[in-house]
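Okay, so here's the structure we're looking at.
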Amino acid sequence: MALVGTQFWRFRKSPINFLLLAGFLLAGLYGLYQGFAFKRKQVTTITTFRAERNTDLQRMAGSFRADTATTQGREAYHEAAELLGANWNLVLPAFKYPVSTAIFAIGQGDVFPYYYTVKNEGFFMQLFKQGEIANPLRSLAGHFDTCFWVIYLFPLLIVMLLFNALAAELDNGNWRLIHSQGVTARQWLLSQFVLVGLLVEGLFLVVFGGGLLLNYFFFGQLPAISDLLFFVGANLYTAFWLSVVYCINAFGRSTGTNAFYAGAAWIVACIVLPALVTMLIENSIKVDNTTVSRMSRRPQGTKFEDDAFGVRTIRQMAKLRPQFRHATVTPGDQAFYFAVYMAYHEMLDDTNRGAVQRYFDGIEQRQRWTDASVLVNPSAAVDGIFAGLAANDAMANHRFVWQTMDLHARLHEVFFPALYTNRLLRESDYRNLPVFEPKRPNPFSWELALNYAGLLGMSVFFFGYANRRLKRWVG
Amino acid sequence: MKLLILNEWRQWARERRLKALLIFGLAIGAAALWHQLDYQAQLLETRQDAQQESRREWLTQESKHPHMAAHFGNYAYKRPSPLHSFDPGLTPYTGSSVYMEPHRQNDFLFSQSQENGTGLRFGWLSPALVCQLVLPLLIILFSFNTIVGERERGTLPLLLAQGVGFRRILFAKILATFLVFELGFTVFFAVTLGMSRLLMAASVPASTMLYVWSIYTLYIFCWSLLGVVVSARFRSVGGSIVALLLLWMFTAILMPRMAANVAENLFPLVTNYQFKRQISKAIENGLDGHDPKSDRALRLERALLARYRVSKVEDLPFNFEGYVMQQGEEYSSKAYDGQFAKIFDTLEKQKRVQSWLSALSPFMAVRSLSMAGSGSSMESEIDFQQQAEHFRRAFVQDMNRDMRDNSAYGTFETYRLKPGKYAAMPDLQVLTRPLSWSLARALPEHIWLAGWVLVLLALVLGMNEKKLYVR
Numbered sequence: 004m005a006l007v008g009t010q011f012w013r014f015r016k017s018p019i020n021f022l023l024l025a026g027f028l029l030a031g032l033y034g035l036y037q038g039f040a041f042k043r044k045q046v047t048t049i050t051t052f053r054a055e056r057n058t059d060l061q062r063m064a065g066s067f068r069a070d071t072a073t074t075q076g077r078e079a080y081h082e083a084a085e086l087l088g089a090n091w092n093l094v095l096p097a098f099k100y101p102v103s104t105a106i107f108a109i110g111q112g113d114v115f116p117y118y119y120t121v122k123n124e125g126f127f128m129q130l131f132k133q134g135e136i137a138n139p140l141r142s143l144a145g146h147f148d149t150c151f152w153v154i155y156l157f158p159l160l161i162v163m164l165l166f167n168a169l170a171a172e173l174d175n176g177n178w179r180l181i182h183s184q185g186v187t188a189r190q191w192l193l194s195q196f197v198l199v200g201l202l203v204e205g206l207f208l209v210v211f212g213g214g215l216l217l218n219y220f221f222f223g224q225l226p227a228i229s230d231l232l233f234f235v236g237a238n239l240y241t242a243f244w245l246s247v248v249y250c251i252n253a254f255g256r257s258t259g260t261n262a263f264y265a266g267a268a269w270i271v272a273c274i275v276l277p278a279l280v281t282m283l284i285e286n287s288i289k290v291d292n293t294t295v296s297r298m299s300r301r302p303q304g305t306k307f308e309d310d311a312f313g314v315r316t317i318r319q320m321a322k323l324r325p326q327f328r329h330a331t332v333t334p335g336d337q338a339f340y341f342a343v344y345m346a347y348h349e350m351l352d353d354t355n356r357g358a359v360q361r362y363f364d365g366i367e368q369r370q371r372w373t374d375a376s377v378l379v380n381p382s383a384a385v386d387g388i389f390a391g392l393a394a395n396d397a398m399a400n401h402r403f404v405w406q407t408m409d410l411h412a413r414l415h416e417v418f419f420p421a422l423y424t425n426r427l428l429r430e431s432d433y434r435n436l437p438v439f440e441p442k443r444p445n446p447f448s449w450e451l452a453l454n455y456a457g458l459l460g461m462s463v464f465f466f467g468y469a470n471r472r473l474k475r476w477v478g
Numbered sequence: 083m084k085l086l087i088l089n090e091w092r093q094w095a096r097e098r099r100l101k102a103l104l105i106f107g108l109a110i111g112a113a114a115l116w117h118q119l120d121y122q123a124q125l126l127e128t129r130q131d132a133q134q135e136s137r138r139e140w141l142t143q144e145s146k147h148p149h150m151a152a153h154f155g156n157y158a159y160k161r162p163s164p165l166h167s168f169d170p171g172l173t174p175y176t177g178s179s180v181y182m183e184p185h186r187q188n189d190f191l192f193s194q195s196q197e198n199g200t201g202l203r204f205g206w207l208s209p210a211l212v213c214q215l216v217l218p219l220l221i222i223l224f225s226f227n228t229i230v231g232e233r234e235r236g237t238l239p240l241l242l243a244q245g246v247g248f249r250r251i252l253f254a255k256i257l258a259t260f261l262v263f264e265l266g267f268t269v270f271f272a273v274t275l276g277m278s279r280l281l282m283a284a285s286v287p288a289s290t291m292l293y294v295w296s297i298y299t300l301y302i303f304c305w306s307l308l309g310v311v312v313s314a315r316f317r318s319v320g321g322s323i324v325a326l327l328l329l330w331m332f333t334a335i336l337m338p339r340m341a342a343n344v345a346e347n348l349f350p351l352v353t354n355y356q357f358k359r360q361i362s363k364a365i366e367n368g369l370d371g372h373d374p375k376s377d378r379a380l381r382l383e384r385a386l387l388a389r390y391r392v393s394k395v396e397d398l399p400f401n402f403e404g405y406v407m408q409q410g411e412e413y414s415s416k417a418y419d420g421q422f423a424k425i426f427d428t429l430e431k432q433k434r435v436q437s438w439l440s441a442l443s444p445f446m447a448v449r450s451l452s453m454a455g456s457g458s459s460m461e462s463e464i465d466f467q468q469q470a471e472h473f474r475r476a477f478v479q480d481m482n483r484d485m486r487d488n489s490a491y492g493t494f495e496t497y498r499l500k501p502g503k504y505a506a507m508p509d510l511q512v513l514t515r516p517l518s519w520s521l522a523r524a525l526p527e528h529i530w531l532a533g534w535v536l537v538l539l540a541l542v543l544g545m546n547e548k549k550l551y552v553r
């Protein structure tokens, strides 16, 4: 401990060290601001979008009490009660409210939609028309968020402060003097690493704490398990980099060699391996969007004017969806062709679901492999894990899609009974309209635990290996 | 000079570490090349098939009312060009296909970045990425001790004592580094182009090839100069490599991210929600909020009745419904154009910020120029989207015109398109823009890249051994 104090005394002597720390802290705060700005943009949009849609739905529900003696009142009533009018105007909101950890990791949040509008028509037909305006210039460069700060800049700070912790003393001839005081190479290194570890932790705590406060005061979110897991992950990742640089110090004998290896380690871990592993994963798991990209087309054709086809379609749907088996709509009814059309949409969704699931599975498998590559590709794996904790990866988007599909099905539970019995919608139907409630699975998983254990294992290995070397170390 | 260069190469040949680095560079270059060639060739095949399938569906759809046929719609798939195998640029981050139908401009969806893991954000392995990121690193690792190493070993005074001028030594070191990497790059670039030409059965204009080759040549020269200049400025090998690696990290990793994020902070892009809202508002209430849809329709009807001196729309010499349909289409197109213009303007402003900031980073400058040369820049992406949109408008207009001219009012349920009408509509043909079109939008980056080289050359010319020993 006394040695750590000595190291701090030495650290304080160089103003450049404080400049460096201040620079990194500023970068961290800037990263936090980026995450905050992104999250705020999403929250603002979701709030406005929900309010607008709910106002519309309330207005429609209120139309049942409108004075139908007036033209306006009659129009409003028809809009809400008649099947075609209601179908056109019934738009439910589905939204992916950013979780608390999203303030730290934007991940792929910029390329996926975070809200959908849901109507009665075919789900995939609607889904694959809704995207988010992409900013390719920003996506290409990447986000400067807390995750970037931790993944790229923490290792850089550790490398800059520690790459020649021992070699510098050898180079300037101080080592003999230090050693003559009874200080071993291991003690000397450990004291420096503990000091830098504490300083890095301090920087991280400031930014992490700031993020939690912003979450609480601006978004009313309390710290969640995913925040804790993010905290643990960031610390494990920092420990991993400390162990790597510790190892380089144990083996390198000169500042030049250490700089070479430490620089190479950073480049390999943060640039080369992620690119290579992503390439391998992309080649191993093929994803083709041709089939799903064709699901936007509205079904049409003369078959929908054929009564026999219509009766068959409605019967088939009643088999697939027993809740609508009491359909009484017949070719003579006004709603018949519309009912056939909607039944066709419903069955089309069933047919398409498999293809979409396969498409999503391929993408998710790619992400799982990235996350699981922690032993060979720690930086990208931890980055993927963080994006997952922030629910800003493809898997989170797919979960959101399936939850939205569930909302779509629940909308049918309200609309279809009226459609298939050829009756007008009632005020009570509007009261029974489903409300989207985002569900999030437990962020903790055994896969995550295993990945973290892998990271910890590597750190222990590097420290242990370096310590063995340091035992035999002669300056 | 020749001897000095040969001597440098001889020294490198003796170093096992440098040989290993060279092998690493070759391996990663080969991996990038194989990956992109395989990926882009497969992508081209898939997208060509998808486009043909979309066309086949269009042609074989049953005879129906023109507006229903327009609603059947078409798909546009973005196809890669041979140079995308070298530099895919922004293509992974933009949508790959769009469904085109009347009344609305759908979003371009299915970007590669949605289909990949988060690993893609660390950089998508491509020959351009290797040349932009890895090549400078290799140059650094070859050149960081070119001068300072000679000083530490004590061989620099020996060289000087033999009457070799200091600047001559500097230029020999620069050329030794430059020639090795330039040769490597030229072979790599030629192989990439040759193979992508073979696999994708399309050629690249000689001027484009020469241009891309030239900007990378300048970039390699820039890093060769930097490596030797820094090596000459530092007293220790450690200091030299640390400075060079930090410079690389700052210019190639930190600056691009900072520039993109600052640009987004200064000129934030609207959300899709705001965008769609503005469009529906403009369509409902008029482009400037003073001309509601109902008034417009009424005014249109009155004007037509007055012009043709008839009392009801049924008596017009054309189908009023078709006319209204086209008018509505043109109006909504105006609304979309207005909002898209705002988005493109914001992106343009963001790009301008990045262009100016690329003065601090040769990586950013070369990346932008390489994308422009390879047809994978922001402008190329926007151009493709606009071409697809022109096609959408053309086919919808064609259908509306048929409805207006050939059908009678109130025959929506009964009128059908004549045979051959579907085939008469040409398929989507995407024009490839000439190099000059792309380069006109990347002037500042040329200046910055040339500026870096000139400043570094001036620094080299300003160096002499006296200054070296005074420090």
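Sequence order for the protein chains is Z and F.
Just so you know, we're using our numbering here: the first sequence kicks off at 4 and counts up by one.
Just so you know, we're using our numbering here: the second sequence kicks off at 83 and counts up by one.
The beta carbon of each residue, even a glycine, is placed where N, CA and C say it ideally should be.
- Run the CB neighbour count on residue 114 of chain Z, radius 10 Å, all protein chains shown included, and call it buried at 16 or more, exposed below. So residue 114 of chain Z counts as buried.
- Do we get a CB-CB distance below 8 Å when we pair residue 437 of chain Z with the residues of chain F? Answer no: the Cβ-Cβ gap between residue 437 of chain Z and chain F never drops below 8 Å.
- Listed by chain order, chain F residues near residue 274 of chain Z by CB distance under 7 Å: Around residue 274 of chain Z, the beta-carbon contacts reaching into chain F at under 7 Å are 204, 205 and 215.
- Task: Show which residues of chain Z have a CB atom less than 8 Å away from the CB atom of residue 425 of chain F.
- Result: Within chain Z, the residues near residue 425 of chain F are 136.
- Query: When you compare each of Z:464, Z:465 and Z:10 to residue 194 of chain Z by their alpha carbons, which one comes out closest?
  - Reply: Selection Z:464, Z:465 and Z:10 evaluated against residue 194 of chain Z yields Z:10 as nearest (Cα-Cα).
- Segments assigned alpha helix (DSSP H), at least 4 residues, entirely inside the segment 54 to 139 of chain Z: Assignment of alpha helix (DSSP H) within the segment 54 to 139 of chain Z, counting only whole runs of 4 or more residues, yields 74 to 84, 86 to 92 and 126 to 130 in chain order.
- Task: Give the DSSP bridge partners of residue 156 of chain F, in chain order.
- Result: For residue 156 of chain F, which the question treats as bridged, DSSP gives the partners F:182.
- Item | C-beta neighbour in chain Z for residue 338 of chain F, strict 8 Å | Chain Z, which has a Cβ nearer than 8 Å to the Cβ of residue 338 of chain F, makes this yes.
- Query: In the DSSP assignment, what are the bridge partners of residue 191 of chain F?
  - Reply: BP columns for residue 191 of chain F point to F:179.
- Taking 8 Å as the CB-CB limit, is residue 286 of chain Z close to chain F? Judged by the 8 Å Cβ criterion, residue 286 of chain Z is in contact with chain F.
- Task: With 7 Å as the limit, tell me which residues of the segment 434 to 458 of chain Z have their beta carbon closer than that to any beta carbon of chain F; keep them in chain order.
- Result: Nothing from the segment 434 to 458 of chain Z brings a Cβ to less than 7 Å from some Cβ of chain F.
- Task: Could you check which residue in F:234, F:235 and F:251 has the C-alpha nearest to that of residue 242 of chain F?
- Result: Considering only alpha carbons, the answer is F:251.
- Three-state secondary structure (DSSP) at residue 352 of chain F? Residue state, collapsed to three classes: coil.
- Residues of the segment 307 to 325 of chain F whose Cβ lies closer than 7 Å to any Cβ of chain Z, in chain order: Here the close residues are 318, 319, 320, 323 and 324.
- Going straight from the alpha carbon of residue 265 of chain Z to that of residue 103 of chain F, what length do you get? C-alpha separation (whole angstroms): 15 Å.
- Message: My output table needs one value for residue 10 of chain Z: the three-state DSSP class, helix, strand or coil.
- Response: In this structure, residue 10 of chain Z counts as helix in the three-state DSSP scheme.
- Task: Return yes when the Cβ of residue 190 of chain Z is within less than 8 Å of the Cβ of residue 6 of chain Z, no when it is not.
- Result: Yes, these two residues count as a Cβ contact at 8 Å.
- Task: Using the Cα positions of residue 165 of chain F and residue 457 of chain F, report the straight-line distance between them to the nearest angstrom.
- Result: Take the alpha-carbon of residue 165 of chain F and the one of residue 457 of chain F: they are about 7 Å apart.
- Span of the alpha helix (DSSP H), counted from its first residue to its last, around residue 485 of chain F: Under the DSSP assignment, residue 485 of chain F falls in the alpha helix (DSSP H) whose first and last residues are 460 to 488.
- Query: Taking only beta-carbon atoms, is residue 379 of chain F less than 8 Å away from chain Z?
  - Reply: For residue 379 of chain F, the answer is no, since every Cβ of chain Z falls outside 8 Å of its Cβ.
- Query: By DSSP, does residue 282 of chain Z sit in helix, in strand, or in coil?
  - Reply: It is helical.
- Could you check what DSSP says for residue 537 of chain F in three-state terms: helix, strand or coil? Of the three classes helix, strand and coil, the one that applies to residue 537 of chain F here is helix, per DSSP.
- Message: Am I right that residue 30 of chain Z and residue 156 of chain Z are in contact with their C-beta atoms under 8 Å? What's the rounded C-beta distance?
- Response: Rounded, the Cβ-Cβ distance is 6 Å, consistent with contact.
- Between the C-alpha atoms of residue 92 of chain Z and residue 43 of chain Z, what's the straight-line distance to the nearest angstrom? For residue 92 of chain Z and residue 43 of chain Z, the distance between alpha carbons rounds to 29 Å.
- Query: DSSP three-state call for residue 291 of chain Z: helix, strand or coil?
  - Reply: Assignment of residue 291 of chain Z by DSSP, reduced to helix, strand and coil, places it in the coil class.
- Query: Can you find a C-beta in chain F that's less than 8 Å from the C-beta of residue 366 of chain Z?
  - Reply: It does; some Cβ of chain F falls within 8 Å.
- Query: Distance, Cα to Cα, residue 186 of chain Z vs residue 192 of chain Z?
  - Reply: Straight-line Cα distance between these residues: approximately 10 Å.
- Message: Run through chain Z and tell me which residues come within less than 8 Å of residue 460 of chain F, C-beta to C-beta.
- Response: Correct list: 139 and 140.
- Message: Applying the 10 Å Cβ sphere with the 16-neighbour rule, what's the burial state of residue 544 of chain F?
- Response: Exposed is the call here.
- Item | Cutoff 7 Å; reference residue 88 of chain F; Cβ partners in own chain excluding five residues on either side | The same chain holds no residue with a CB closer than 7 Å to that of residue 88 of chain F once the five nearest residues on each side in sequence are set aside.
- Query: Does residue 367 of chain F get closer than 8 Å to chain Z when you measure Cβ to Cβ?
  - Reply: Residue-level contact check: residue 367 of chain F does not touch chain Z, since none of the beta carbons of chain Z fall below 8 Å from its beta carbon.
- Query: With 16 other CB atoms within 10 Å as the buried threshold, where does residue 514 of chain F fall?
  - Reply: Label assigned to residue 514 of chain F: exposed.
- Task: Would you please verify whether the beta carbon of residue 44 of chain Z is less than 8 Å from any beta carbon of chain F?
- Result: It does; some Cβ of chain F falls within 8 Å.
- Query: Are three or more beta carbon pairs between the segment 297 to 313 of chain Z and the segment 333 to 348 of chain Z nearer than 8 Å?
  - Reply: Because the criterion of three Cβ pairs below 8 Å is met, the segment 297 to 313 of chain Z and the segment 333 to 348 of chain Z touch.
- If we count Cβ pairs, one from each stretch, closer than 8 Å, do we get three or more for the segment 461 to 476 of chain F versus the segment 170 to 185 of chain F? In short, these stretches touch, since the Cβ pair count reaches three.
- Task: Using alpha carbons as the reference points, say which of Z:100, Z:48, Z:188 and Z:227 lies closest to residue 474 of chain Z.
- Result: Looking only at Z:100, Z:48, Z:188 and Z:227, the smallest Cα-Cα distance to residue 474 of chain Z is reached by Z:188.
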